[in-house]
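A short worksheet on the structure shown next.
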Amino acid sequence: RKEVEQDPGPFNVPEGATVAFNCTYSNSASQSFFWYRQDCRKEPKLLMSVYSSGNEDGRFTAQLNRASQYISLLIRDSKLSDSATYLCVVNGVQAGTALIFGKGTTLSVSS
Amino acid sequence: DTGVSQDPRHKITKRGQNVTFRCDPISEHNRLYWYRQTLGQGPEFLTYFQNEAQLEKSRLLSDRFSAERPKGSFSTLEIQRTEQGDSAMYLCASSLANRGQGGELFFGEGSRLTVL
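Sequences listed follow chains A and B, in order.
Per the numbering used here, the first sequence starts with residue 1074, numbered consecutively.
Per the numbering used here, the second sequence starts with residue 3, numbered consecutively.
Below, the structure written as structure tokens:
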């Protein structure tokens, strides 16, 4: 089983849509969880951390389910500028506190 | 200091040659990471340092790869006897780790390696 698994998509949605991504992780001892965003041909950048109680940042909501070992990202009222690859990130099994990235989920928002 | 810088940005080499990449992290950051990314994949962890100590190295990483961070500032990643499968974007990231928390990763723009 891969350490971090994501549905690669692509997710093609119209502007204004709500879209949700899920990610599962294998290490039940993981403590740190993040969503990063990567634009085409650019480096990844932190979108938001994921806390046990769930957290929201504007149109973005992240949730963590430790029992099922999955993380979700919800984007409401999608904008064209949300088109990117969203990377689920967890501290890994073999790598101690080093962060392990999923393959990413590609989102394309169209007008 | 505007961020993480990597050099060179692009490197084309012939199979069997050695290559070295350099990363200069954000100056106050104590952690430095190396990742490799190929098209359609997420960044793959290679190794990371806390100050000058190499704390973890991926078990999947070939012995041809070696990284150093001699003074706890810049780091180098060397690939010996390159193979075509080494072609990828090599990403460096740094963070300010605090009380066991890794901190936000700030990535450089990457060094793209093409092995012919």
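From the three backbone atoms N, C-alpha and C, an ideal C-beta is built for every residue, glycine too.
>> For a cutoff of 8 Å on Cβ pairs, would you count Gln43/B as touching chain A?
In response: As a first step, residue 43/B must be located in the second sequence, where it is residue number 41. By this cut-off, Gln43/B is an interface position.
> Within this structure, are the beta carbons of Phe76/B and Val6/B separated by less than 8 Å?
Replying inline: As a position in the second sequence, residue 76/B is number 74, starting the count at 1. As a position in the second sequence, residue 6/B is number 4, starting the count at 1. Not closer than 8 Å, so no.
> Could you give the C-beta distance for Ser48/B and Ser60/B, rounded to a whole number, given that I count them as a contact under 8 Å?
Replying inline: Along the second sequence, read from residue 1 onward, the residue named residue 48/B stands at position 46. Along the second sequence, read from residue 1 onward, the residue named residue 60/B stands at position 58. The question names Ser, but residue 48/B is Leu in the sequence shown. Confirmed, Cβ separation roughly 5 Å.
> Mind pulling the chain B residues with CB within less than 8 Å of Leu1172/A?
Replying inline: Taking the first residue of the first sequence as position 1, residue 1172/A is located at position 99. What Leu1172/A touches in chain B: Tyr35, Phe47, Gly104 and Leu107.
> Taking the DSSP output, what are the residues bridged to Phe1174/A?
Replying inline: As a position in the first sequence, residue 1174/A is number 101, starting the count at 1. DSSP, once it has assigned bridges, lists Val1162/A as partnering Phe1174/A.
>> Below 7 Å on C-beta distance, what does Gly1177/A contact in chain B?
In response: To locate residue 1177/A, count along the first sequence from 1; it is residue 104. Correct list: Gly44.
> Does any CB atom of chain B fall closer than 8 Å to the CB of Glu1116/A?
Replying inline: The residue labelled residue 1116/A in the question sits at position 43 within the first sequence. Interface residue, yes.
> Counting pairs of Cβ atoms below 8 Å between the region 1132-1143 of chain A and the region 1098-1112 of chain A, do you hit three or more?
Replying inline: Under the 8 Å Cβ criterion, the region 1132-1143 of chain A counts as touching the region 1098-1112 of chain A, having at least three qualifying pairs.
>> Please identify, using Cβ separations under 9 Å, the residues of the region 1146-1160 of chain A that lie next to chain B, in order along the chain.
In response: Taking 9 Å as the Cβ-Cβ cut-off against chain B, the residues of the region 1146-1160 of chain A that qualify are Thr1158 and Leu1160.
>> Using a 10 Å radius around the Cβ and a threshold of 16 neighbouring Cβ atoms, would you call Tyr92/B buried or exposed?
In response: Residue numbering aside, residue 92/B sits at position 90 when the second sequence is read from its first letter. It counts as buried.
> Can you name the start and end residues of the beta strand (DSSP E) that Asn1095/A belongs to?
Replying inline: Sequence index remark: in the first sequence, residue 1095/A carries index 22 (1-based). Taken as a continuous stretch (DSSP letters only), the beta strand (DSSP E) holding Asn1095/A covers Val1092 to Tyr1098.
>> Under 8 Å: do the region 35-50 of chain B and the region 1168-1182 of chain A share three or more Cβ pairs, one atom per stretch?
In response: The region 35-50 of chain B makes contact with the region 1168-1182 of chain A: 3 or more CB pairs, one atom from each, lie closer than 8 Å.
> Going by C-alpha distance, which of Leu1153/A, Asn1164/A and Ser1101/A is nearest Phe1084/A?
Replying inline: By 1-based counting over the first sequence, the position of residue 1084/A is 11. Closest by alpha carbon: Leu1153/A.
> Under three-state DSSP, which class holds Gln86/B?
Replying inline: As a first step, residue 86/B is located in the second sequence; it is residue number 84 there, counting from the start. Correct three-state label for Gln86/B: helix.
> Which one or two residues does DSSP pair with Ser1/B in a beta bridge?
Replying inline: A query on residue 1/B cannot be resolved here, the shown segment of chain B reaching from 3 to 118 and no further.
>> Relative to the C-alpha of Pro10/B, which candidate in Asp88/B, Gly112/B and Tyr50/B has its C-alpha closest?
In response: As a position in the second sequence, residue 10/B is number 8, starting the count at 1. Measuring from the Cα of Pro10/B, the nearest candidate turns out to be Gly112/B.
>> So with CB distances below 9 Å, who are the chain B contacts of Leu1137/A?
In response: Within the first sequence, numbered from 1, the residue matching residue 1137/A stands at position 64. Result: empty, since nearest Cβ-Cβ is about 16 Å, beyond 9 Å.
> With 16 other CB atoms within 10 Å as the buried threshold, where does Ala1168/A fall?
Replying inline: As a working mapping, residue 1168/A is identified with position 95 in the first sequence. Residue placement at Ala1168/A is poorly supported in this model, since its pLDDT is 48, which falls under 50; the coordinates still yield a value, given next. Counting other Cβ atoms within 10 Å of its Cβ, Ala1168/A reaches 16 or more and is therefore classed as buried.
> Between Gly112/B and chain A, is there a C-beta pair that is closer than 8 Å?
Replying inline: One-based indexing of the second sequence puts residue 112/B at position 110. Among the CB atoms of chain A, one or more fall inside 8 Å of the CB of Gly112/B.
> Hey, does Leu1119/A have any beta-carbon neighbour from chain B nearer than 8 Å?
Replying inline: To locate residue 1119/A, count along the first sequence from 1; it is residue 46. Yes - at least one Cβ of chain B is within 8 Å of the one on Leu1119/A.
>> Considering only the alpha carbon of each residue, which of Arg1139/A, Pro1081/A and Gly1127/A lies closest to Tyr1098/A?
In response: The residue given as residue 1098/A occupies position 25 in the first sequence. Of the candidates Arg1139/A, Pro1081/A and Gly1127/A, the one whose C-alpha sits nearest the C-alpha of Tyr1098/A is Arg1139/A.
>> Taking its Cβ as the centre, do 16 or more other Cβ atoms sit within 10 Å of Pro72/B, making it buried, or is it exposed?
In response: By one-based count along the second sequence, residue 72/B stands at place 70. Burial call: exposed.
> Where Lys16/B and Asp1112/A are concerned, what is the direct C-alpha to C-alpha distance, given to the nearest angstrom?
Replying inline: What you label residue 16/B is simply residue 14 of the second sequence in a count that begins at 1. What you label residue 1112/A is simply residue 39 of the first sequence in a count that begins at 1. The alpha-carbon separation between Lys16/B and Asp1112/A amounts to approximately 30 Å.
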